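Heads up: the structure comes next, in structure tokens.
Numbering (my numbering), first residue to last: 2 to 160.
As structure tokens, then:
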């Protein structure tokens, strides 16, 4: 898409891998990247954090339900989880990934503020994407299974 999209792709990758390693003791490996600008499919659970500044947009963290349960167990050191715990952990992971991206963007001159995370759950749902100037997607496989996390950043420069 453009050079900034490429830098954001690398920033999002670093933030995601750091969060999964530090908070969950799980290794994340990027298996695919893109600058996809199409609608977002939601088949499982996810979180979204908005950021606003001279670059404004959204950070989405999407994953299958079973991976969400596994990362929740990893974070809470338990064997079984309730849906409320999954919601809290997915929201917190989204917030941490977005926070890492925010800090990296600030070093590049893009100061911003973050919203609190929004949790979503869906099967065959779609989020319509419009009015953006850059997009970055990392598909991160999480150690210990075949499931992957999709980290999608959609943004536009503000006047």
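Glycine included, C-beta positions come from ideal geometry on N, C-alpha and C.
As the structure is a computational prediction, the values presented were derived from the model and not from experiment.
Nearest-angstrom beta carbon gap, residue 31 and residue 4 [assumed within contact, 8 Å]
On the chain shown, residue 4 is found 3 positions in, with the first residue counted as 1. On the chain shown, residue 31 is found 30 positions in, with the first residue counted as 1. So it is not a contact: roughly 19 Å between Cβ atoms.
Note the first and the last residue of the continuous beta strand (DSSP E) segment covering residue 127.
For this step, residue 127 is matched to residue 126 along the chain shown. Segment 119 to 128, the beta strand (DSSP E) holding residue 127.
Under three-state DSSP, which class holds residue 49?
Stepping through the chain shown from its first residue, residue 49 is reached at position 48. The answer is strand: DSSP assigns residue 49 an E or B state.
Candidates 96, 75, 120 and 158, of which the one nearest residue 111 by Cα
Here residue 111 refers to the residue found at position 110 when the chain shown is read from its first residue. It is 158 whose Cα lies nearest to the Cα of residue 111.
In chain order, each beta strand (DSSP E) run of at least 3 residues that lies wholly inside the region 8 to 64
Runs of the beta strand (DSSP E) lying entirely within the region 8 to 64 and spanning at least 3 residues, in chain order: 29 to 35, 41 to 54 and 56 to 64.
Buried/exposed call for residue 41, threshold 16 Cβ in 10 Å
Here residue 41 refers to the residue found at position 40 of the chain shown. Taking all protein chains shown into account, residue 41 has 16 or more neighbouring C-beta atoms within 10 Å of its C-beta and is therefore buried.
Under a Cβ-count criterion, where at least 16 other Cβ atoms within 10 Å of its own Cβ denotes burial, should residue 129 be classed as buried or exposed?
By 1-based counting over the chain shown, the position of residue 129 is 128. Exposed: under 16 other Cβ atoms inside 10 Å.
Counting Cβ pairs, one atom from each stretch, are 3 or more of them under 8 Å apart for the region 12 to 29 and the region 121 to 128?
Flag = no, the region 12 to 29 and the region 121 to 128 do not touch.
Residue 113 bridges to which residues according to DSSP?
Taking the chain shown and counting its residues from 1, the one referred to as residue 113 is at position 112. Answer is 54, bridged to residue 113.
By DSSP, does residue 158 sit in helix, in strand, or in coil?
Within the chain shown, the letter at position 157 stands for residue 158. Shown here, residue 158 sits in a strand according to DSSP, grouped into three states.
Local conformation of residue 81 per DSSP, three classes:
Here residue 81 refers to the residue found at position 80 of the chain shown. Correct three-state label for residue 81: coil.
Check whether the region 84 to 99 touches the region 47 to 63, taking contact to mean three or more Cβ pairs, one atom from each stretch, closer than 8 Å.
Three or more pairs of CB atoms, one per stretch, sit closer than 8 Å, so the region 84 to 99 contacts the region 47 to 63.
Please return the same chain residues whose Cβ sits closer than 6 Å to the Cβ of residue 162, not counting the five positions on each side in sequence.
Residue 162 is absent from the structure shown; the chain starts at 2 and stops at 160.
Residue 81 to residue 20, Cα distance in whole Å?
Position 80 of the chain shown, counted from the start, is the residue given in the question as residue 81. Position 19 of the chain shown, counted from the start, is the residue given in the question as residue 20. Computed Cα separation, rounded: 22 Å.
Alpha-carbon spacing of residue 9 relative to residue 108, whole angstroms
Here residue 9 corresponds to residue number 8 of the chain shown, with the count starting at 1. Here residue 108 corresponds to residue number 107 of the chain shown, with the count starting at 1. Going by the C-alpha atoms only, they are around 12 Å apart.
Have a look at 100, 86 and 55 and flag the residue whose alpha-carbon is nearest the alpha-carbon of residue 117.
Position 116 of the chain shown, counted from the first residue, corresponds to residue 117. For the set 100, 86 and 55, the Cα lying nearest the Cα of residue 117 is the one of 100.
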